[in-house]
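Numbering (my numbering), first residue to last: 2 to 327. Note that the Cβ used here is the ideal one computed from N, Cα and C, for glycine as well.
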Amino acid sequence: MARMELPLTRVQDIAWIRLKAPDLDLQETFLTNFGMVRSARTNNKLFMRGTDPAHHIHITELGEPGVVGIAFYVSSLAELEVLAESAEGASGVEMISEPGGGYRVCVGDPNGLTIEFVYGVAELEPLPIALNVLNTGPDKLARTGELLRVEHGPSRVKRIGHAVISTPHLQQTIDWSHKHLGVIKSDDVHADDNPKELIGSFNRVDDGREFVDHHVILFMRHTSPGLNHVAFEVHDFDDLAIGHEYLKARNEDLHVWGLGRHTLGSQIFDYWKDPWGRIHEHWTDSDMLNKDHVFQSHPRSVGFKSQWGSQSPQEFRESSSPIADV
């Protein structure tokens, strides 16, 4: 019997982004240079992973460029059954016939994105990472007698962290996500001259007293629905900066914004476009929140301001990669 109280589920984390592109070779080259590793590839789909155990964090399907949807982990098969019975327009519980396997329920959101709720996806062995030891702050003598030499190459993407949805249906989309994803607000952003004019909403996983990333999904008001960007965590600041130099040497035209540090979330960031203009972010060092965090609404001039680095360019603010026909 369906559980009718709200929310219908509380997602555990974001699982992957699903895009379409007409050239999987070109997409794989970009994502490899961005710092991901291929975990599987079929005739019409590309699956890329990070260094964490998740089987994949990025799927590209062969087709006209577009954004298909976003996947989120749930805690059990029973949660999928509740969604299948209770969410309007939901698919049944189905086995995932893709590398990694598992089970899912698909639901359309108010913007036409397909939201996949997934459980039981296979994991892989984590990829080995050697982290730098830094002589900073109270750890001034953490590294003694050893020279720090960074290894040059792509960033090493660790995991997918969040997605940012552009929408002309801002409040409807927020309400839908609270009902279906069980996420909760961390911070809102309103117009500078009108506190009642909502512009953006940062939402995080609801895990009670456990600490989670400042946001797993952000909604921004826009004239057309789509994806503003998708974000991937890298291991540290050196990793992010080296990845910036690596990508810049290969195609500076793909750079959008960064390096800088956000105010809300506090991430150090760097933004790049894939060959079809979908913005992918490298980030490190997020604020971590739990149930004790006090929600606030901030004026745009504060909430979307960089603490250091340049402010967001028009290309970033206006970005809304279109939703694919499925």
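Using DSSP bridges, identify the partner residues of residue i.
| i | result |
| --- | --- |
| Phe203 | Asp188 and Leu219 |
| Leu182 | Answer by DSSP bridge pairing: none, since Leu182 is not bridged. |
| Thr115 | Gly70 and Gly109 |
| Pro300 | His191 |
| Val213 | Leu290 |
| Leu20 | Thr61 and Val68 |
| Glu234 | Arg160 and Trp284 |
| Lys274 | Ile280 |
| Gly227 | Ser167 |
What distance in whole Å lies between the Cβ atoms of residue j and residue i, which are believed to be in contact at a cut-off of 8 Å?
| i | j | result |
| --- | --- | --- |
| Ile18 | Ile71 | 6 Å |
| Glu95 | Tyr104 | 7 Å |
| Ile58 | Ile161 | 4 Å |
| Val303 | Val69 | About 34 Å separates the two Cβ atoms, so there is no contact after all. |
| Thr264 | Gln312 | Not really, about 11 Å apart at Cβ, beyond 8 Å. |
Is residue i close to chain C, meaning its C-beta is less than 9 Å from at least one C-beta of that chain?
| i | result |
| --- | --- |
| Gln308 | The question asks about chain C, but that chain is absent: this structure has only one protein chain. |
Can you give me the C-alpha to C-alpha distance between residue i and residue j, rounded to a whole angstrom?
| i | j | result |
| --- | --- | --- |
| Val217 | Asp286 | 14 Å |
| Val235 | Glu29 | 18 Å |
| Pro196 | Ser322 | 28 Å |
| Pro314 | Val206 | 29 Å |
| Gly310 | Arg144 | 29 Å |
| Glu6 | Glu82 | 14 Å |
| Val1 | Lys159 | There is simply no residue 1 to check, as the chain begins at 2 and stops at 327 in what is shown. |
| Lys180 | Gly113 | 17 Å |
| His153 | Asp240 | 9 Å |
Is residue i near the ligand NAP - that is, is its Cβ less than 8 Å away from at least one heavy atom of it?
| i | result |
| --- | --- |
| Trp177 | Of ligands this structure carries none, so the ligand NAP is not represented either. |
Hey, out of the options, whose CA is closest to residue i's CA?
| i | options | result |
| --- | --- | --- |
| Met289 | Pro276, Pro111 and Gly209 | Gly209 |
| Lys292 | Arg251, Leu81, Ser313 and Val213 | Val213 |
| Asn45 | Glu65, Thr52, Asp207 and Val158 | Glu65 |
| Gln172 | Lys186, Ala143 and Lys159 | Lys186 |
| Ser92 | Glu80, Val108, Val83 and Gly102 | Val108 |
| Ser40 | Trp284, Leu125, Thr174 and Gly259 | Leu125 |
| Leu84 | Gly183, Val134 and Leu265 | Gly183 |
Cβ contact (3+ pairs, closer than 8 Å) linking the segment 71–84 and the segment 9–24: Three or more beta-carbon pairs separated by less than 8 Å link the segment 71–84 to the segment 9–24, which places the two stretches in contact.
Inter-stretch contact at 8 Å, needing at least 3 Cβ pairs: the segment 272–285 / the segment 222–232: A contact between stretches requires three or more CB pairs, one per stretch, nearer than 8 Å, and the segment 272–285 meets this requirement with the segment 222–232.
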